[in-house]
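Only one structure is covered here, and it is reproduced in the block below.
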Amino acid sequence: MSVLKARLAPHLHLRVPFESGRYGSRWSNKDLDPVPPEQRIWGAIDYWAYWCSDMLAPPLASTVSSVMALGFTARETIPIVFFGFAICSVVITLTGKMGATYAVPFPVIIRSVFGMYGSFPAICIRAFVALMWTAILTVQAGNFLQRCLEAIWPSFINFPNHLPESAGIDSAGILCVFLYWFIQTGLAVMPISKLRILFWVKGVIVPPTFLALFLWAVIVTKGGGPLIKGKVNITSDYMNTAYSALTGLNVIIGLFSSLAVNMPDFGRFSKNRLAGPHQFLALPIIGTLGALAPIFVTDAHSYIWGEFEWYMPAVIAKFDSRAAKFFVSASFVLATIGNQIAAGTYPFSNDVTGMAPKYINIFRATVFISIFCIVSTPWNIINNAGSLLAFLSGYSCLMGPLAGTMVCDYYIIKKRKLNVDQLYADHGIYWYNGGWNWRAFASFIIGFTPLLPGFAKSIDNSLDVGGAWKIYTFAWIFGFFLSLLTHYVICTYISVPTKSLVEHAVYPLQKGEEISPVIEGKEQSAKETYVTNEKEMADMA
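Structure representation (structure tokens):
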């Protein structure tokens, strides 16, 4: 009978065995279920290694270059970088504690805010950006690998090109992209428990490379050149230092605004619910110190070769020492892999899994994004899609309202009390109206709408949007607080989401408790649903 059923319904062959998880519902599979207690082993050092993986990578250099392109020197840029990361770190810590408390990833925790179906648009906002940036970084990592091969075999510099100019890439470049792609894909499909080791390795190898580049640049320039000792020369549209500083702050926040909502993906592995101040301190410290290397290296490039160059593969190509060229390039290959997995591949895979748990798990989603990194021909995206790159750079105006709504709903409206079992239930307390929470969407839209004109102008600079462009200079901060305030007013004075508010939180399985399956539609006892009183959870923190 089961064989006949499978033949009549071929789609059953594509299903993920979600019944093997604790929740036998269409909203659940093993990758989305709360992390078992024995896998919650990440401590402070693990998260610092994770931030080294995420921060010390090529996107940091491109972001710092965008700030300095406004006309700032290092004296102004470093404080902007620090405060930008500090602001973002507050929200990252708040959202990370959501995942750490209930041991669930972002696509599950967001169901409590936007509803079961309503979570899909919120997930797509983050998933699209992760998808595109992962593909684009594959090309840059291929360029680093090309520098490695040139250091080992100098003749590779003259590798014959058999591709037309319209291809957007030469033969050596596409060969290196494919070689890197095999390495990156092989590591990305590994379980996250094993990827923790990758973050440790990068945390040991990459920081010394950044330090060595910084010291080399300081020595070569005898303390710094025009980017370090020069004068401020504001070049932004309004020729105003204050607005330019806000723009720079927004650029820095934008770099990690996606992680401001996706930190639950990694926070759920915490062994102590992210207790202590380490989570807040890691991002601004590592990010600010890491920013010194690209600033001083670009300054040294100008001192030696007479022009500013922020693209690190181009800088490395001019190194005389083959050993330096190889080790620096190899370190940046590792840095890019860590960044792609931490900020791209793994969050995307979690997001897509959350939308279709019956058919997609993290492994399948990772295979998909890996294939996309090739079939999308990202070298053509880099060469031809200026508007798309501007869109990706400005997506913080979407992430700010999303984070504001999320933080307000969890900390102020629901007071950190969720029922973890109901996050996997059809027509449960987070079903709201037909699976959608209109309150959250109203808050998000109200927070984003004033930023829309400036967002459009960032893509097409010829548009005349008047004074709306000034609001866009601090888009993330504006959107975050406007959505937070709006959500508070709606949920407190206009329409209280009474059904989703619980008196006592229902937490996931804790150490020493025996697991039992939760079947949708069946009432469970307090022991079976692992209700832990607030005092006990406070003691655990």
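Residue numbering for the sequence shown follows the UniProt record's numbering, beginning at 1 and increasing consecutively. The C-beta atom is built at its ideal place from N, Cα and C for all residues, glycine as well.
W436 sits in a strand when the DSSP states are folded into three classes. Per DSSP, R322 is one residue of the alpha helix (DSSP H) stretching across 322-340. Short of 6 Å from the beta carbon of G287, and not among the five residues preceding or following it, lie these beta carbons of its own chain, in chain order: M55, F85.
Per DSSP, reduced to three states, the secondary structure at S171 is helical.
Around the C-beta of G434, fewer than 16 other C-beta atoms lie within 10 Å, and the residue is accordingly described as exposed. Residue burial is scored here from C-beta neighbours: F199 has at least 16 other C-beta atoms within 10 angstroms and is therefore classed as buried. Excluding residues up to 5 positions away in sequence, P34, Y102, A103, V420, Y530 lie with their Cβ nearer than 7 Å to the Cβ of P508 in the same chain.
Within the same chain, Cβ atoms closer than 6 Å to the Cβ of W469 are found at G454, K457, the five residues on either side in sequence being excluded. By the Cβ criterion, the segment 440-447 is in contact with the segment 110-123, since at least three pairs of Cβ atoms, one from each stretch, lie closer than 8 Å. W310 carries a coil assignment under DSSP once its states are collapsed to helix, strand and coil. Between the alpha carbons of G479 and T247 lies a gap of roughly 14 Å.
Per the coordinates, the alpha-carbon of P264 lies some 17 Å from the alpha-carbon of N339.
By the beta-carbon neighbour count (other beta carbons within 10 angstroms, threshold 16), K231 is exposed. One alpha carbon belongs to S321, the other to V328, and they sit about 11 Å apart. Per DSSP, reduced to three states, the secondary structure at S65 is helical. Here DSSP, grouped into helix, strand and coil, assigns V506 to strand.
The three-state secondary structure of S119, taken from DSSP, is helix.
In the structure shown, the three-state DSSP call for W153 is coil. Residue range 278-305 is occupied by the alpha helix (DSSP H) that includes H278. Residue environment analysis places T345 among the buried positions, since at least 16 neighbouring C-beta atoms fall within 10 angstroms of its C-beta.
Between L227 and A74, the C-beta gap is smaller than 8 Å, which places the two residues in contact. Judged by pairs of C-beta atoms under 8 Å, the segment 153-169 does not touch the segment 294-308, as fewer than three such pairs exist. Pairing P160 with A151, the inter-Cα distance amounts to about 17 Å.
By the neighbour-count criterion, in which 16 or more other beta carbons inside 10 Å mark a residue as buried, G96 falls on the buried side.
Taking all protein chains in view, the Cβ of Y493 is surrounded by fewer than 16 other Cβ atoms within 10 Å, so the residue is classified as exposed. Assigned with DSSP and collapsed to three states, W431 falls in coil, not helix or strand. Annotation for K97: the continuous alpha helix (DSSP H) segment containing it runs 74-102.
The residues Q422, in chain order, have a CB closer than 6 Å to that of G428 in the same chain once the five nearest residues on each side in sequence are set aside. Pairing R111 with K358 gives a Cβ-Cβ distance that is not under 8 Å. At the C-beta level, A122 and L418 stay beyond 8 Å of one another. With fewer than 16 other Cβ atoms inside 10 Å of its own Cβ, V375 counts as exposed. Taking 8 Å as the cut-off, the Cβ atoms of N272 and F474 do not count as close. In the assembly as shown, A217 is a buried residue. Its beta-carbon has 16 or more other beta-carbons within 10 Å. Per the Cβ contact rule, the segment 175-193 is in contact with the segment 141-157 (3 or more Cβ pairs under 8 Å).
Where T377 is concerned, there is no enclosing alpha helix (DSSP H), because DSSP gives it neither an H nor an E. In this structure A300 is in contact with T221, their Cβ atoms being roughly 5 Å apart against a cut-off of 8 Å.
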